[in-house]
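Positions 8 to 355 (our numbering) are the ones given, in order, by the sequence shown.
Encoded as structure tokens, the structure appears first; notes follow it.
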Amino acid sequence: MTLFAELGMRYPIIQAPMAGVQNSALAMAATGAGALGSLPAAMLSGDELRQELLRLAASGPGPFNINFFCHRQPEPDPAQERRWRQVLAPYYAEFGVDAAAQSRAPGRAPFNGEHAALLEEFRPAVVSFHFGLPEPELLAQVKATGTKVFASATTVAEAQWLAARGADAIIAQGLEAGGHRGHFLDEDLGLQQGTFTLLPQIVAAVELPVIAAGGIVDGKGIRAALALGASAVQMGTAFLCCHEATTSALHRSAIHNEGSHHTALTNLFSGRPARGIVNRLMRELGPLSAAAPAFPHASGALALLRAAAEKVGDSGFSPLWAGQNVSGCHPMAAADLIAAWVVEAGLA
Numbered sequence: 008m009t010l011f012a013e014l015g016m017r018y019p020i021i022q023a024p025m026a027g028v029q030n031s032a033l034a035m036a037a038t039g040a041g042a043l044g045s046l047p048a049a050m051l052s053g054d055e056l057r058q059e060l061l062r063l064a065a066s067g068p069g070p071f072n073i074n075f076f077c078h079r080q081p082e083p084d085p086a087q088e089r090r091w092r093q094v095l096a097p098y099y100a101e102f103g104v105d106a107a108a109q110s111r112a113p114g115r116a117p118f119n120g121e122h123a124a125l126l127e128e129f130r131p132a133v134v135s136f137h138f139g140l141p142e143p144e145l146l147a148q149v150k151a152t153g154t155k156v157f158a159s160a161t162t163v164a165e166a167q168w169l170a171a172r173g174a175d176a177i178i179a180q181g182l183e184a185g186g187h188r189g190h191f192l193d194e195d196l197g198l199q200q201g202t203f204t205l206l207p208q209i210v211a212a213v214e215l216p217v218i219a220a221g222g223i224v225d226g227k228g229i230r231a232a233l234a235l236g237a238s239a240v241q242m243g244t245a246f247l248c249c250h251e252a253t254t255s256a257l258h259r260s261a262i263h264n265e266g267s268h269h270t271a272l273t274n275l276f277s278g279r280p281a282r283g284i285v286n287r288l289m290r291e292l293g294p295l296s297a298a299a300p301a302f303p304h305a306s307g308a309l310a311l312l313r314a315a316a317e318k319v320g321d322s323g324f325s326p327l328w329a330g331q332n333v334s335g336c337h338p339m340a341a342a343d344l345i346a347a348w349v350v351e352a353g354l355a
């Protein structure tokens, strides 16, 4: 029996965790359709995470994947914050934003003891990590519950590092993927590869199931990934316009705009490279800027500006996360989308 059959998945499809555009509703829909539904936890408070876990538990036995970040949280740098706000000052003036106001942007907390305690209580089938793995003591606490641990790798070296430290499956994240890059051993973006070049290299390098992620938006892509040795695929962008996603109207509109094919890696919105649809802020400041504070502190100064712009229907200062291929985004129920992929991929 494969790992994924053992988990209770009918199909080797994982709905990618996408913070800011989904909650437990999308995870439940994906799992109900035979895939593995995922819940992004990094931007949730302890109380919010508990409520989402209670909803998942009430929906049935699962399986579900709960996703966390494993970055090292840097101390805020007041001088860098001032420089960042000076860069944004003309935009503050344009939208009537008080440059001195403090934002209420949600934080992005790295995996911690409170998270581990919640996992001990709820025991999800899978816990996945982005930006490496937590400290060995915390990881051992997670694995002691019987939960399977998945983790993202963007290079062969990262995959081998994860395999040597207790991961049960590797998510091979190609350069096409939307949202934050999962790299953690080296910040050189020149080391990043496309999914279908990275995938077979990781398959050959580790003796663990490998999950292909990035640029896969339909059954043909699923079939191609499986043919290259993937044990499963992880798909995110294709779910952005599903009925159960919380993707904003402005974000959905941007996806269906002719310019949606132009995406880039940017650190402007969080301080760490992430792929999104190119918008005004990325065009005018350049997608990668040394002025942006370290992850996750860049988002604070942008929060009020983003809110003011969105209030008048302007998505020029919003993180429009999306992969390089948005052709699979359709306004339909997640279960119907998955069913179509299953037929096209020959998995039925």
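Using N, Cα and C, we set each Cβ at its ideal position, and we do this for glycine too.
What you are looking at is a predicted structure, and each value in this text was computed from that prediction instead of being measured.
Subject >> Beta-carbon separation (whole angstroms), P117 vs F71, contact threshold 8 angstroms >> reply: The residue labelled residue 117 in the question sits at position 110 within the sequence shown. The residue labelled residue 71 in the question sits at position 64 within the sequence shown. Here P117 is actually not in contact with F71; their C-beta atoms are around 21 angstroms apart, not less than 8 angstroms.
Subject >> Under the three-state DSSP convention, the category A151 falls into >> reply: Numbered from 1 along the sequence shown, position 144 holds the residue referred to as residue 151. Three-state result, A151: coil.
**OP:** Work out the CA separation of E101 and P331 for me, nearest whole Å.
**Re:** Numbered from its first residue, the sequence shown carries residue 331 at position 324. Numbered from its first residue, the sequence shown carries residue 101 at position 94. Checking the displayed sequence, the identity of residue 331 turns out to be Gln instead of Pro. Roughly 31 angstroms separates the two Cα atoms.
Original post:
Which ranges would you report for the beta strand (DSSP E) in the stretch 9 to 91 if only whole runs of at least 3 residues count?
Top reply: Contiguous beta strand (DSSP E) elements confined to the stretch 9 to 91 occur at 20 to 22, 44 to 47, 71 to 76, taking only those with 3 or more residues.
Original post:
Would you call the stretch 25 to 36 and the stretch 138 to 146 touching, i.e. three or more CB-CB distances under 8 angstroms?
Top reply: At 8 angstroms Cβ cutoff, the stretches do not touch.
**OP:** Go to M242, then tell me how far its beta strand (DSSP E) extends in each direction, as first and last residue.
**Re:** As a working note, residue 242 is residue 235 in the sequence shown. Going by DSSP, M242 is part of the beta strand (DSSP E) stretching over 239 to 242.
**OP:** Find out if the Cβ-Cβ distance for the pair A219, G181 is shorter than 9 angstroms.
**Re:** For the purposes of this step, residue 219 is taken as residue 212 along the sequence shown, with counting starting at 1. For the purposes of this step, residue 181 is taken as residue 174 along the sequence shown, with counting starting at 1. In this structure, G181 lies closer than 9 angstroms to A219 by Cβ.
Original post:
So, helix, strand or coil for G335, using DSSP?
Top reply: Sequence index remark: in the sequence shown, residue 335 carries index 328 (1-based). Coil at G335, not helix or strand.
**OP:** Could you tell me if the beta carbon of G283 falls within a distance shorter than 8 angstroms of some heavy atom in the ligand PLP?
**Re:** By its list of ligands, the structure shown contains no ligand whatsoever, and the ligand PLP lies outside what it can speak to.
**OP:** Would you check if the distance between the CB atom of L43 and the CB atom of L14 is smaller than 9 angstroms?
**Re:** Counting from one through the sequence shown, the residue named residue 43 turns up at place 36. Counting from one through the sequence shown, the residue named residue 14 turns up at place 7. A contact, by the Cβ cut-off of 9 angstroms.
Original post:
In angstroms, rounded to a whole number, what distance separates the CA positions of G103 and C249?
Top reply: For the purposes of this step, residue 103 is identified with residue 96 of the sequence shown, where counting begins at 1. For the purposes of this step, residue 249 is identified with residue 242 of the sequence shown, where counting begins at 1. Between G103 and C249, the C-alpha separation is close to 34 angstroms.
Original post:
Considering only residues of the same chain and omitting the five flanking positions on each side of A174, which have a CB-CB separation below 6 angstroms?
Top reply: In the sequence shown, residue 174 corresponds to position 167, counting from 1. The residues are V156, A158.
Subject >> Option nearest S66 by Cα separation, candidates L51, M35, S296 >> reply: Numbered from its first residue, the sequence shown carries residue 66 at position 59. Comparing Cα positions, the closest option is M35.
Subject >> Simplified DSSP assignment, three categories, for V319 >> reply: Looking up residue 319 in the sequence shown gives position 312. In the three-state DSSP reduction, V319 falls in the coil class, being neither helix nor strand.
Original post:
Which class does T204 belong to by DSSP, given the choice of helix, strand or coil?
Top reply: Locating residue 204 in the sequence shown gives position 197, counting from the first residue. It is helical.
**OP:** Name the residue from P131, Q167, T162, T253 whose alpha carbon lies nearest to the alpha carbon of K150.
**Re:** Translated into the one-based positions of the sequence shown, residue 150 becomes position 143. The shortest Cα separation from K150 among P131, Q167, T162, T253 belongs to P131.
Original post:
Within 10 angstroms of its Cβ, does L196 collect 16 or more other Cβ (buried), or is it exposed?
Top reply: The residue you call residue 196 lines up with position 189 of the sequence shown. Exposed: under 16 other Cβ atoms inside 10 Å.
Original post:
Which residue or residues does DSSP assign as beta-bridge partners of T273?
Top reply: Within the sequence shown, the letter at position 266 stands for residue 273. Residue pairing for T273: DSSP places it in a beta bridge opposite A281.
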